[in-house]
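Residue numbers for the sequence shown follow my numbering, beginning at 472 and rising by one. Note that the Cβ used here is the ideal one computed from N, Cα and C, for glycine as well. Just so you know, these numbers come straight off a predicted model, no measurement behind them.
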Amino acid sequence: MTPAELIAWLRETDGARLALLWQQADRVRQQSVGAAVHLRGLIEFSNHCVRQCAYCGLRAANRELVRYRMTADEILACAHQAVDYAYGTVVLQAGEDPGAGTEWVADLVRRIKRETPLAVTLSLGERAPEELAAWRAAGADRYLLRFETSNRQLYEQLHPPRPGRHSDRIALLRRLRQLGYEVGSGMMIGLPGQTYDDLARDLALCAELDLDMVGVGPYLVHPATPLADPARHPPAATGEQVPNDEQMTYKVLALLRLVCPRANIPATTALATLNRARGRELGLQRGANIIMPNLTPLKYRALYEIYPDKACVGETAEACRTCLDDRIHALGRQVGSGPGTSPNYARPATSESGAVRGTCDREGESPAEPG
Ligand code: SAH
């Protein structure tokens with residue numbers, strides 16, 4: 472799809488035309504990744520963070536937040552719970568926390584791999600290449616690192632580097648690929664200052680990076696962050712600013728499925744936060760094939776407040792499990808078994824068309840032209 476086509480779809484408001492987009496995304500999802508919905512048990516093990524991201528409630532300057540770091544034994548107990556619920560993967564996520572050191576994380580990964588059959592996904596922010604290599608050697612399978620926005624200027628405003636360092640998430644994503652990780656990235660939708668052109672470029676970047684997993688969600692305002700203040704971070708011009716709403720999130724999910732047909736794409740908690748009753752289901756019907764139920768112990772969960780009023784913050788892991796099973800079956804889909812490796816990662820290094828892995832892959836169907 473050309474940038475102009477992507478922008479036209481992002482601006483589309485006609486219900487009948489959008490219904491075509493949802494259908495096309497659902498069809499490509501079925502053809503490329505099948506009917507299974509894979510569940511990833513999310514363990515938010517530390518909310519310590521050294522960064523100052525303007526959008527995130529975990530930012531170091533937020534002194535109102537009580538900080539926690541789970542012990543390795545607590546994390547292992549959650550991983551065993553994931554096995555009991557027949558999840559195939561655990562996602563270990565945290566703020567950028569030097570307290571979760573190289574060896575500590577490597578030991579944790581080794582223990583999970585030794586004691587369980589789970590795939591392990593890490594989402595620990597921008598860490599040193601040597602650490603990423605050590606964790607891969609310890610057995611970590613996947614790494615999630617969103618590029619957040621492809622607009623470099625906006626990125627620098629919202630995501631300042633650590634003093635004296637340089638923040639280049641795209642370079643780290645390439646490094647992760649070289650190390651053999653299944654690589655995930657993505658962006659937020661509706662960041663103040665983000666234009667339709669920016670969002671179309673975000674989508675094109677996801678295709679260009681040949682991502683195995685793509686996570687997107689609406690930007691949700693956290694009052695204790697600088698981005699909540701429009702005087703400091705004004706929106707783009709009227710008509711250019713992307714809204715951070717539910718409809719825009721579905722459009723992005725559907726377009727992602729078309730530009731990255733074989734990627735694993737979750738219906739995220741941020742989407743469920745905008746529509747608790749139906750957000751995840753509608754996401755699954757408009758391109759997504761993954762859900763990430765929360766396994767973080769309840770006593771910590773409310774403290775992992777990247778944004779307020781997160782969906783399911785009071786549900787036990789067991790309640791989540793039952794609720795999700797019912798919702799997935801009601802859609803006529805089934806819960807996936809096994810690790811749920813991304814078909815984009817699993818495919819041979821050279822595709823039928825002769826394209827070498829790592830190059831842009833746009834074999835998904837083009838939907839009808841937007842009106
Ligand atoms: N420290 C890790 C994990 C961050 S939380 C890292 O930096 O990669 C995971 C994701 O939550 C972020 O990548 C960001 O895209 C999203 N996020 C953070 N603050 C948010 C907000 N206010 N609204 C919506 N999503 C947010």
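- By the neighbour-count criterion, in which a residue is buried when 16 or more other Cβ atoms sit within 10 angstroms of its Cβ, Gln649 is exposed.
- The alpha-carbon of Asp673 is positioned some 11 Å away from that of Leu726.
- Counting only the Cα atoms, Tyr778 lies some 12 Å from Cys524.
- By the neighbour-count definition (other C-beta atoms within 10 Å, threshold 16), Val685 is a buried residue.
- By the criterion of at least three beta-carbon pairs nearer than 8 Å, the region 618–627 is not in contact with the region 584–598.
- The count of Cβ pairs closer than 8 Å, one atom from the region 661–680 and one from the region 477–487, reaches three, so the stretches are in contact.
- The beta carbon of Gly566 sits closer than 7 Å to at least one heavy atom of the ligand SAH.
- Beta-bridge partners assigned by DSSP to Glu619: Met658.
- Taking 8 Å as the cut-off, the Cβ atoms of Val561 and Ala571 do not count as close.
- Going by C-alpha positions, Met658 is about 12 Å away from Asn715.
- Relative to the ligand SAH, the beta carbon of Leu616 is positioned inside 7 Å of a heavy atom.
- In the DSSP annotation of this structure, the continuous segment of the alpha helix (DSSP H) that includes His800 starts and ends at Ala788 to Ala801.
- Using a Cβ distance threshold of 8 Å, Val723 and Val687 count as a contacting pair.
- Note on Ser808: under 16 other CB atoms within 10 angstroms of its CB, so exposed under the neighbour-count rule.
- Arg804 has its alpha-carbon roughly 17 Å from the corresponding atom of Pro764.
- A direct Cα-Cα distance of roughly 42 Å separates Gly610 from Ala490.
- Comparing C-alpha distances from Ala817 to each of Val806, Thr744, Asn735 and His630 shows the shortest one belongs to Asn735.
- At least one heavy atom of the ligand SAH lies less than 7 Å from the C-beta of Tyr778.
- Between the alpha carbons of Ala738 and Arg703 lies a distance of about 31 Å.
- Within the same chain, and ignoring the five residues on either side of Arg646 in sequence, the residues whose Cβ sits closer than 6 Å to its Cβ are Pro600.
- Between Pro732 and Pro705, the C-beta spacing is not below 8 Å.
- The criterion of a C-beta distance shorter than 8 Å is not satisfied by Ala548 and Ile583.
- Contact annotation: Val784 and Leu510 have beta-carbon atoms that are not nearer than 8 Å.
- Around the Cβ of Leu769, a 10 Å sphere holds fewer than 16 other Cβ atoms; the residue is exposed.
- At a Cβ-Cβ threshold of 8 Å, Gln756 and Leu802 count as neighbours.
- Secondary structure of Met684 (DSSP, three-state): strand.
- For Val591, the uninterrupted beta strand (DSSP E) segment begins and ends at Ala590 to Ser594.
- The beta-bridge partner set that DSSP reports for Val508 consists of Val806.
- Apart from sequence neighbours up to five positions away, the residues of its chain that approach Arg792 with a beta-carbon distance below 6 Å are Tyr556, ordered along the chain.
- About 5 Å separates the CB atoms of Glu567 and Cys520; that is less than 8 Å, so the two are in contact.
- Only exposed fits Gly710, as fewer than 16 other CB atoms lie within 10 angstroms of its CB.
- For Glu653, the beta-bridge partners assigned by DSSP are Arg613.
- Gly688 has its CB nearer than 7 Å to a heavy atom of the ligand SAH.
- In this structure, the straight-line span from the alpha carbon of Phe516 to that of Leu629 is close to 24 Å.
- Within 7 Å of the C-beta of Gly505 there is not a single heavy atom belonging to the ligand SAH.
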